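A.B. asks:
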Amino acid sequence: MLHIKFTDYETLRSHGEETYPHECCGVLLGTASPDGNQVHTTVRAGNTRTDRAHDRYNIAPEELIRIQRQARKLGLDIVGFYHSHPDCPAQWSKTDFDEAHWIGCSYLITRVDHGRATITNSFLLTGSDEEDKKFIDQPIEIAVSSIEDEQEKGLA
Amino acid sequence: MKINIPTPLRAYTGGEQTVIVPGATVGEALEHLVGTYPDLRQNLYTPEGKLRSFVNLYLNDDDIRYLPQKEATAVAADDELTIIPSIAGGC
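In the order they appear, the protein sequences are chains A and B.
Mapping of the first sequence onto the working numbering: residues 1 to 156, in sequence order.
Mapping of the second sequence onto the working numbering: residues 157 to 247, in sequence order.
1. Please classify Pro224 (chain B): is it buried, with 16 or more other beta-carbons within 10 angstroms of its beta-carbon, or exposed?
2. Taking CB distances under 8 Å as the criterion, tell me whether Cys24 (chain A) reaches chain B.
3. With 8 Å as the limit, tell me which residues of the stretch 84 to 95 of chain A have their beta carbon closer than that to any beta carbon of chain B; keep them in chain order.
4. Use the C-beta contact count for Pro194 (chain B): other C-beta atoms within 10 angstroms, 16 or more gives buried, fewer gives exposed.
5. Near Val144 (chain A), which residues of its chain fall below 6 Å by C-beta distance, leaving aside the five closest residues on each side in sequence?
6. Quick check on DSSP: helix, strand or coil for Ile161 (chain B)?
7. Is the CB-CB distance between Tyr222 (chain B) and Ile65 (chain A) below 8 Å?
8. As an exercise, report each continuous beta strand (DSSP E) stretch of at least 3 residues that is fully enclosed by the stretch 69 to 156 of chain A, in chain order.
9. Here's the rule: buried if 16 or more other CB atoms are within 10 angstroms of the residue's CB, otherwise exposed. What is Ile103 (chain A)?
10. Going along chain A, which residues have a C-beta under 8 Å from Tyr214 (chain B)?
11. Identify the contact partners of Ala185 (chain B) in chain A, using a Cβ-Cβ distance below 9 Å as the criterion.
12. Beta-carbon separation of Leu207 (chain B) and Leu196 (chain B) under 8 Å?
13. Within 10 angstroms of the Cβ of Asp77 (chain A), are there 16 or more other Cβ atoms? Answer buried if so, exposed if not.
14. Starting from the beta carbon of Gly245 (chain B), find every residue of chain A whose beta carbon is closer than 9 Å, and list them in chain order.
15. Using 8 Å as the limit for Cβ to Cβ distance, is Ile136 (chain A) near chain B?
16. Tell me the start and end of each unbroken beta strand (DSSP E) in the stretch 206 to 239 of chain B that is at least 3 residues and wholly inside, in chain order.
17. What's the C-alpha gap between Tyr57 (chain A) and Arg49 (chain A)?
18. Out of curiosity, what's the CA-to-CA distance linking Asp87 (chain A) and Lys226 (chain B)?
19. Can you give me the start and stop residues for the beta strand (DSSP E) that Thr41 (chain A) sits inside?
20. Using CA coordinates, which residue listed in A:Ser84, A:His40, A:Glu63 is at the minimum distance from Pro21 (chain A)?
21. Relative to chain A, which residues along the stretch 188 to 203 of chain B have a C-beta separation below 7 Å, given in chain order?
22. Could you tell me whether the Cβ atoms of Val177 (chain B) and Ala185 (chain B) are closer together than 8 Å?
23. In the DSSP output, what is Gly245 (chain B) paired with across the bridge?
Put into structure tokens, the structure is as follows:
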């Protein structure tokens, strides 16, 4: 299970709309537990694949290290990544699989049709190494904050 | 020196986020790391012993692939080595 707040869920989906017709990408920070990955916040990243940003993405390792340092300061871990598929299914592709190396992390994919985010799916990369890794469908639980929660945070 | 372990590899370091290892060079530090945690080897290196192409190694803020001496680069006790697998894909 991937647990994510509605606001974070909408943030990553709107990122895909903003970068359309190019792919967006970003990192999910949170905590891992036996119940799944809990997202506490999302961080936008730049797509370095400017040569074919319509169907490829890559996050520079330097940016990933910076995000990892930021996560540690917050007491969080990298628990997943997100990217968009402009006018393509919200399903992992062969390229997604070949380039997936963060076992135990969630890979969120949002289909963006003509600039509008439609379906978002999550896939958990499981296995013990490159030879036996696989993606499995991962249910998403979206938490909608109550007005009381927002007031507690001083947001309402 | 300190080695930062990324989320997917912590299963092989007993959950440790950072590991302190001895070594005069990057290569020696890595050898000590996989000596201490043998299950890490297959995740970092190919069966032929080459660093896997998707594994990035940064000595402080420098990609070791672009350092003149690469894995033979000398390190000090307060240096940090970060292991960071690549993240990419697309439809």
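Cβ atoms here follow ideal geometry from the backbone N, Cα and C, with glycine treated the same way.
Predicted model, so just to flag it, every value in this text is computed and none were measured.
C.D. replies: Short version:
1. exposed
2. no
3. His85, Pro86, Cys88, Pro89, Trp92, Ser93, Thr95
4. exposed
5. Excluding sequence neighbours, Val144 (chain A) sits near Phe6.
6. coil
7. no
8. Complete beta strand (DSSP E) runs here, min 3: 77 to 86, 106 to 113, 116 to 126, 134 to 138, 140 to 143.
9. buried
10. Pro61, Glu62, Ile65
11. By Cβ distance, chain A contributes nothing, its closest Cβ being about 17 Å from Ala185 (chain B), past 9 Å.
12. no
13. buried
14. Correct list: Glu23, Cys25, Arg56, Tyr57, Asn58, Phe81, His83, Trp92, Ser93, Thr95, Asp96, Phe97, Asp98, Glu99, Ala100, Tyr107, Ile109.
15. no
16. Complete beta strand (DSSP E) runs here, min 3: 211 to 215.
17. 5 Å
18. 42 Å
19. 36 to 45
20. A:Ser84
21. Gln198, Asn199
22. In this structure, Ala185 (chain B) lies closer than 8 Å to Val177 (chain B) by Cβ.
23. A:Tyr57
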